[in-house]
Structure formats: C-alpha cells, structure tokens
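Colleague: If you read the sequences in order, they're chains W and X. Read in the working numbering, the first sequence has 157 at position 157, and its numbers run on one by one without any break. Read in the working numbering, the second sequence has 38 at position 38, and its numbers run on one by one without any break. Virtual Cβ for every residue (Gly too), placed ideally from N, Cα, C. Bear in mind that the values here come from a model prediction, so they are computed numbers and not experimental data. Sharing a structure below in structure tokens format, with a few things to ask.
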Amino acid sequence: MGTRPLNTAAPSNAALRKTAGAIGGFIIVTLLTFVGLMAITFFIGRVIPIDPVLSVVGDRATQEQYDAVRIAMGLDRPLIAQFITYVGDVFQGDLGHSVSTNRPVAEDLARVFPATLEMATLGIIIGVGMGVPLGVWAAARQGTWVDQLIRVFALLGYSVPAFWLGLVGLVVFYAGLGWVGGPGRVDIFYEGLVEPRTGLLLVDSLIARDFDVFWSALDHLILPATILGFFSLAYIARMTRSFMLDQLGQEYITTARVKGVAEWRVIWTHGFRPIRVPLITVIGLSYAALLEGSVMIETVFSWPGIGNYLTVALLNADMNAVLGATLVIGSVFILINKLSDVLYRILDPRSR
Amino acid sequence: MTTMTNWLLDDSPSSRLQASLGHSYRVTRMLMRNPLAVVGALILLVLILAAIFAPWIAPHSPLGQNLGQRLLPPSAAHWMGTDELGRDIFSRVIYGARITLLIVAMVAVISAPLGLLIGAISGYFGGWVDKAMMGVTDVFLSMPKLILALAFVAALGPGIENAIIAIAITSWPAYARIARAETLTFRNSEFISAMRLLGASHTRIITGHVLPLCTSSMIVRVTLDMAGIILTAAGLGFLGLGAQPPLPEWGAMISRGRAFILDQWWVATMPGFAIIIVSLGFCFLGDGLRDVLDPKQGGKS
Chain W
1 MGTRPLNTAA PSNAALRKTA GAIGGFIIVT LLTFVGLMAI TFFIGRVIPI
51 DPVLSVVGDR ATQEQYDAVR IAMGLDRPLI AQFITYVGDV FQGDLGHSVS
101 TNRPVAEDLA RVFPATLEMA TLGIIIGVGM GVPLGVWAAA RQGTWVDQLI
151 RVFALLGYSV PAFWLGLVGL VVFYAGLGWV GGPGRVDIFY EGLVEPRTGL
201 LLVDSLIARD FDVFWSALDH LILPATILGF FSLAYIARMT RSFMLDQLGQ
251 EYITTARVKG VAEWRVIWTH GFRPIRVPLI TVIGLSYAAL LEGSVMIETV
301 FSWPGIGNYL TVALLNADMN AVLGATLVIG SVFILINKLS DVLYRILDPR
351 SR
Chain X
1 MTTMTNWLLD DSPSSRLQAS LGHSYRVTRM LMRNPLAVVG ALILLVLILA
51 AIFAPWIAPH SPLGQNLGQR LLPPSAAHWM GTDELGRDIF SRVIYGARIT
101 LLIVAMVAVI SAPLGLLIGA ISGYFGGWVD KAMMGVTDVF LSMPKLILAL
151 AFVAALGPGI ENAIIAIAIT SWPAYARIAR AETLTFRNSE FISAMRLLGA
201 SHTRIITGHV LPLCTSSMIV RVTLDMAGII LTAAGLGFLG LGAQPPLPEW
251 GAMISRGRAF ILDQWWVATM PGFAIIIVSL GFCFLGDGLR DVLDPKQGGK
301 S
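This is how it looks when you write it as structure tokens:
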C-alpha cells in the first residue's frame, strides 16, 4: 500500500506503441470487414437476382432498350470491375435510387436513422440500468430461487418474439391501461412542430423548449424502447452474472470477507469493479444488436426508423433501398463491435 | 437392470458401441438432475409428438374454413378460438409445430456440418488456409444476422425454403469458430501424430478423429441457437417473407392476427405462446447440456 505502480502516472512508450498498434490493427480489420460486407450486399444485389435488367425495364421492353439499360448499368463488364465501381460508389455515399420513395437511398437513410438511434439508445440505457443490477444480484445469490428466477427471466429474453411482445405491449399498456402513447413517434397534432436539428425528437424538442412535444415523444418512445431494452437486458444480465461469479470465486474476495468487509462492499467494490471493463464489450455488442432488433419493433410500432424503412422496401421489392439499409445497419454494427473490442484492449491493464 | 447399468458404466468398455452408449447414459443421468433441462426436454418431446401426430391431435382441419364461426373467443369447442376465416387456432398451432420443426431441423442439418467442416479444416491445417477461411468467417460473424437473412430472402424471394437457406447462410460462422477453437486444442496431440505416422490421410484424420471430438460442443451450441433460429423464422413469417399462407406458420399467424389485436386478442397471441414455449424449451435444454457436456464453459456466456 502507499506506493502506486509507476505506469499509472504516465503511460510508458511501450504502452503507447501497443495502443497505436491496436488502433492500427483495428482500422485494417474494420476496413476489411466493410469490404466483406459490401461483397455480400453486392452479391445479393447483382448475382442472386435472375435478371436485374428485367426488374428495371420490365418484361415488355424491346431488345435495344434492354441492351441499352444493360450497358448503362455496367452489367456487361466483368464482375470484379462491377464490384470495384460499387465499392467506389458506396464510399462516395451513393447507394442508388429508391424506387418506392423516388429519392436517393442515402438521403432517405440519413432522414430515418436518428429515429432508430433514439429508440436503441434509450433501449440500451434501460437494458444496462436493469440488466447489470439483476446480474450482480443473481451472482450474489447464486443457486437460490432468486438466481433461478433471474435465469428464467433472462432466458425469456431469448425466447419471446420481439414483434409479439410489441403487439401485446400495445394491447395492454396503450389500448388497455392507456399508460403510454400508441404507434408512431409523437401525437399526430404535434407532428412537424419542432425544427429537426439532430433528428432526435427528444433532443430537438428540448432545444426548442417545447415541452408538450417532448412529453408526447417520450410517451410514444417509452414502450418500444423498454421492449427493446428487455432483449439486451437478457444478455447483459447473463454476462454480468457469469463475470461476477468468476470474480466472487477469487481468493481476494475470501480475504476481504475474512477481514470482515461488509457484504455489499465485497460485491460492489471488490467484485464489481474489475468486471466493468469486460462489461463494456458486452454493452457494445448489445447496443449493436439493438439496432438490428429495432427492425421488428419498428414494424409493430410504425416507428419511422431504418427498420421500418427496410421492411417497407422489402415488401415493395425495392432492392437498392434494402441493400442500402442492410449496408448502413451492417456498418454501424461492425463499427460498434470493433470499437468495443479495441476499447477493451486499451482499458484492460492485463492486455497493455 | 443393474447388470445393464454396470455394462453402461463400465470403466473399460470393450466396444465402441458400449463406450458411446455409456457416455450417453452418463450425460442423460446428469441432465435429469437439472430440473430446467428436464422441462426443456419434455417441451421438445411434446413438440415432436405434436408434429408427428398432428392429424390425430388436432380437433379440426388446419385449413378448413368456416365463415359462420369466424373470430370466436377461446371456448371448449375451440381451445384457442378461431381466426378471421373461422379456422380453429389450436389445430393450426399443432400443425405449425411441423413447420417449426422442419425449419429448425433443416437449418441445423445445413449449417452445423458446414460450420463444423470449415472450422475443423481451418484449425487442422493452420497457416494461410486458416487465415483465409477465418477471415471470411469473421466477416460473416460480424454481420447482423437478422438483417442479412432479410436481405437474402429479399433477393431469393419469399417462401419457406428460401427462409431456411437464408437462416442457414447466416448461422454457420459461429459453428466454424467453435470447431476451429476445439480443433486447435488437440491438433498437436499425440493421437493425431500417431495417426499421421500410421500413414492416415488428412481426410481420414479429419473425418474420423477431429470431427467426432468437436461434436459435443457443437450440440450444445446448436441447441442454444435453436431459439434464435425459431425467432428469426417467425420474424420472417411475420414480415410475410417466410412460409406463405395458408400454411399455419406461427409468425405468419401472428401477422394475420395483428389486424384484430384490439378486439380479438387471441388470434395473434396464441401462436406467440407456442413460439415462446418451444424457444424456452430449447434454451433450458441447451443450458443444461452445456453444464454437462462443456463444464469449462458452465455458467459462462
């Protein structure tokens, strides 16, 4: 006690180099994964459909029209050249034109993405706020009925279809009890009142100091976000429990208990502190998964986010929009994944 | 009975059959001590029985319409009520077990061996083979599964076969990772070297010695993944991309019931309970199997 390890005062050169190496490796791996993602969307868009030209010109086009479109689409060139053009387009933010909205897909996605972000963010806050304490509680009471109950509750998160829970939630809390707002982002008469600055309605309404809109938006957001949060809660609680059990089995915990440290301190100070770093990865992964899970929830709640955009595009066979949305959700997913990975490596003292 | 048990638990089994039966017996006995796992196994048993004996269990035809009896609430005649075409929901849920079982089985049959083979080859050979194969696997692994499945179905067209293909394409990478990790732990061990010295070919070592050792962790993982596969399939059905009407697929049934949810709640809710119970069954069983077959991982992840 008393003397602190030297390397916490100033990071050594070696540590810095390690961090730089980790970041460099992170960038390369992430870029490669993005190219892989683009290869998949390219494959889905250009190779699987029987004839992409036919879907543009329709089946009544003449041979000349057909050939002209085929050349205009670049389909006469070798696949690899087509792929390189595709990657170039994507990096310039060109995701093609949506047939159903008649606008560039990239523009559409930028407009709908904040709604999804808002829901997923509130969802992860709810998931972490409830999942971590539940996981710690289950670990502290390992083997008791509390532990079993939390286990079943968490497994329910793996077994309940999100769209079904959304429907039941609407019936019970909106139609039945009237506690929350219904489908949509805000009550109809508040729509378009607030100038969209960030696209996040809660933030925008606070900036505009329009609290009626704020409460209405929160009213509509709370149910889908809670349901979404429930799914991350399941994973977070399970992981917290297993990390905690690992820690609580260590000898220093026994030492602390023998010394007579209060049980809540043993759990929260000695047990919980070391698991904060691995938990960051878990939370990052759950956040990314929520962006994906929002597809189903948004459909049920008519939430004007990227998931709803994707499902509407799917039903209209609007392939550019489908692939654009897939690419954006996939990229955010990969980015959060890799970021939490690199964050873990930087924060965990053992991997320095 | 005791001689049978003794034969099963013999420490030095005299045949392969005896050894593997003995192993299964021990696993089953340990599973029986976990109440949740027993519940899971029972749910699965009921699912399989319902799928096989659907025509005898279901009181009505799953497709027979009766417009005079549409949207009836649950009663003694219709345990789960009737839908908008007067079809008995209970009968449709029972027949739906066939579709769910088909999807789950097909996905497992396609993706588990694929992942197993890729992972085992990758881990066994190492070097650039490993780097290339795991690179591709990691790309697939870091992709959101549901979105990818949606995109594949969008390109392939809706339908139950395409839903199975799309889900299988998105679920093999996790199995490849596990098989590779498992293979790495014993690729340099003596029994593999001994086989090589005896002149066994790579194919023979992989199929005869590497793959069997990966199966137990694979079984655990596949069982745990089943719930996710059922949910994805139901989600595709809900969006109208999976099984097409009039097939009694649970997700599609919920989607139809959505229009009546406020007045006739049972149409959408009943199939949902079926999905939850079956998924929970797989989760319970997978959890129990992991504790037994994979003690190092017990309680983790």
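1. By DSSP, does W/Pro104 sit in helix, in strand, or in coil?
2. Using alpha carbons as the reference points, say which of X/Gly288, X/Leu239 and X/Thr269 lies closest to X/Leu42.
3. Note down, in chain order, every chain W residue with its Cβ under 9 angstroms from the Cβ of X/Met133.
4. In whole angstroms, what is the alpha-carbon distance linking W/His270 and W/Phe231?
5. For X/Gly81, which residues from the same chain have a beta carbon less than 8 angstroms from its beta carbon, with the 5 sequence-adjacent residues on both sides left out?
6. Mind reading off the beta-carbon distance from X/Gly157 to X/Gln244? Whole number of angstroms is fine, and I expect it under 8 angstroms.
7. Straight-line CA distance for X/Ile169 to X/Arg16?
8. For X/Asn162, count neighbouring C-beta atoms within 10 Å of its own C-beta (all shown protein chains included) and say buried if the count is 16 or more, exposed if not.
9. Please compile the residues from chain X whose C-beta is within a distance smaller than 7 angstroms of the C-beta of W/Met296.
10. Within 10 angstroms of the Cβ of W/Lys259, are there 16 or more other Cβ atoms? Answer buried if so, exposed if not.
11. Can you pull out the residues from the stretch 19-47 of chain X whose beta carbon lies closer than 7 angstroms to at least one beta carbon of chain W?
12. Given X/Val222, which residues of its chain have a CB within under 6 angstroms of its CB, disregarding the five upstream and five downstream residues?
13. Could you check what DSSP says for W/Thr144 in three-state terms: helix, strand or coil?
14. In three-state terms, what does DSSP make of X/Thr82?
15. Please list, in chain order, the chain X residues whose beta carbon lies closer than 8 angstroms to that of W/Ser100.
16. Quick one: what's got a C-beta closer than 6 angstroms to X/Lys145's C-beta in the same chain, skipping five residues either side?
17. Please say whether X/Gln65 and X/Gly86 have beta carbons closer to each other than 8 angstroms?
18. Determine, using beta carbons only, whether X/Ala92 and X/Met226 come nearer to each other than 8 angstroms.
19. So, with DSSP's three-state summary, where would you put X/Asp88?
20. Which chain W residues sit within Cβ distance under 9 angstroms of X/Thr269?
21. State yes or no: is the beta carbon of W/Met319 nearer than 8 angstroms to at least one beta carbon in chain X?
22. Tell me the rounded alpha-carbon separation between W/Phe153 and W/Ala234.
23. Closest by CA to X/Glu84, which one among X/Ile94, X/Ile99, X/Gly68 and X/Ala77?
24. If you measure from the beta carbon of X/Glu191 to each beta carbon in chain W, is any gap under 8 angstroms?
25. Is X/Ile230 helix, strand or coil when you go by DSSP?
26. For W/Ser331, tell me which candidate among W/Thr101, W/Phe42, W/Phe34 and W/Leu218 has the shortest Cα-Cα distance.
27. So, X/Leu239 versus W/Pro161, is the Cβ gap smaller than 8 angstroms?
28. Suppose the cutoff is 6 angstroms on Cβ atoms and the five residues either side in sequence are ignored; what does the same chain contact list for W/Thr226 look like?
29. Inspect the beta-carbon positions of X/Ala151 and W/Val322 and report whether they are closer than 8 angstroms.
30. Taking W/Thr326 as the query, report the chain B residues whose CB atoms sit under 8 angstroms from its CB, ordered along the chain.
31. Can you name, in chain order, every residue of its own chain whose Cβ lies under 8 angstroms from the Cβ of W/Arg141, other than the five neighbours on each side?
32. Around the C-beta of W/Arg151, are 16 or more other C-beta atoms found within 10 angstroms, so that it is buried, or is it exposed?
33. Could you work out which residue in W/Ala110, W/Gln250, W/His220 and W/Tyr158 is closest to X/Leu224 when comparing CA atoms only?
34. In or out: W/Pro5 buried (at least 16 other Cβ within 10 Å) or exposed?
35. Would X/Arg187 count as contacting chain W if we go by Cβ distances under 8 angstroms?
36. Let's see if you can read the secondary structure: which residues bound the alpha helix (DSSP H) around W/Ala162?
Modeller: Checking against the coordinates, here is how it stands:
1. W/Pro104 falls in the strand class under three-state DSSP.
2. Of X/Gly288, X/Leu239 and X/Thr269, the residue nearest in Cα terms is X/Gly288.
3. For X/Met133, there are no neighbours in chain W by C-beta distance under 9 angstroms, as the nearest C-beta there is about 13 angstroms away.
4. Going by the C-alpha atoms only, they are around 28 angstroms apart.
5. Only Leu71, Leu72, Pro73, Pro74, Ser75, Ile89, Gln264, Trp266, Val267 and Met270 meet the Cβ criterion.
6. The Cβ separation is near 10 angstroms, so there is no contact.
7. Looking at the backbone, the Cα of X/Ile169 and that of X/Arg16 are separated by about 34 angstroms.
8. Buried.
9. Correct list: Gly235.
10. By the neighbour-count rule (16 or more Cβ atoms within 10 Å), W/Lys259 is not buried but exposed.
11. Cβ contacts with chain W come from no residue of the stretch 19-47 of chain X.
12. Around X/Val222: Ala108 and Ala112.
13. Residue state, collapsed to three classes: coil.
14. DSSP, reduced to helix, strand and coil, places X/Thr82 within a strand of the structure shown.
15. Correct list: empty, because the minimum Cβ distance to chain X is about 13 angstroms.
16. Counting only Cβ-Cβ distances below 6 angstroms, and skipping sequence neighbours, we find Thr170.
17. In this structure, X/Gln65 lies closer than 8 angstroms to X/Gly86 by Cβ.
18. For the record, residue 92 of chain X in the displayed sequence is Arg; it is not Ala. With a cutoff of 8 angstroms on beta-carbon distance, X/Arg92 and X/Met226 are scored as not near each other.
19. In the three-state reduction of the DSSP assignment, X/Asp88 falls in the strand class.
20. Per Cβ cutoff of 9 angstroms: Trp164, Leu167, Val168 and Val171.
21. So yes, W/Met319 belongs to the interface.
22. Roughly 7 angstroms separates the two Cα atoms.
23. Closest by alpha carbon: X/Gly68.
24. With the sequence shown as reference, residue 191 of chain X is identified as Phe, and Glu is not the correct amino acid for it. For X/Phe191, the answer is no, since every Cβ of chain W falls outside 8 angstroms of its Cβ.
25. Correct three-state label for X/Ile230: helix.
26. When each option's Cα is compared against that of W/Ser331, the closest is W/Phe34.
27. In this structure, X/Leu239 sits away from W/Pro161, with a CB-CB distance that is not shorter than 8 angstroms.
28. The residues Ile126, in chain order, have a CB closer than 6 angstroms to that of W/Thr226 in the same chain once the five nearest residues on each side in sequence are set aside.
29. Closer than 8 angstroms, so yes.
30. The structure shown contains no chain B; its protein chains are W and X.
31. Exclusion of the five residues before and after W/Arg141 leaves Asp147 as the residues of its chain whose Cβ lies within less than 8 angstroms of its Cβ.
32. Buried, since its Cβ has 16 or more Cβ neighbours within 10 Å.
33. The residue among W/Ala110, W/Gln250, W/His220 and W/Tyr158 with its C-alpha nearest the C-alpha of X/Leu224 is W/Tyr158.
34. Confidence at W/Pro5 is low in this model, with a pLDDT of 48, below 50, so the placement of that residue should be treated as unreliable; the coordinate-derived value is given next. With a threshold of 16 other beta carbon atoms within 10 Å, W/Pro5 falls short and is exposed.
35. No, because no Cβ of chain W sits closer than 8 angstroms to the Cβ of X/Arg187.
36. In this chain, the alpha helix (DSSP H) harbouring W/Ala162 covers Ala162 to Gly169.
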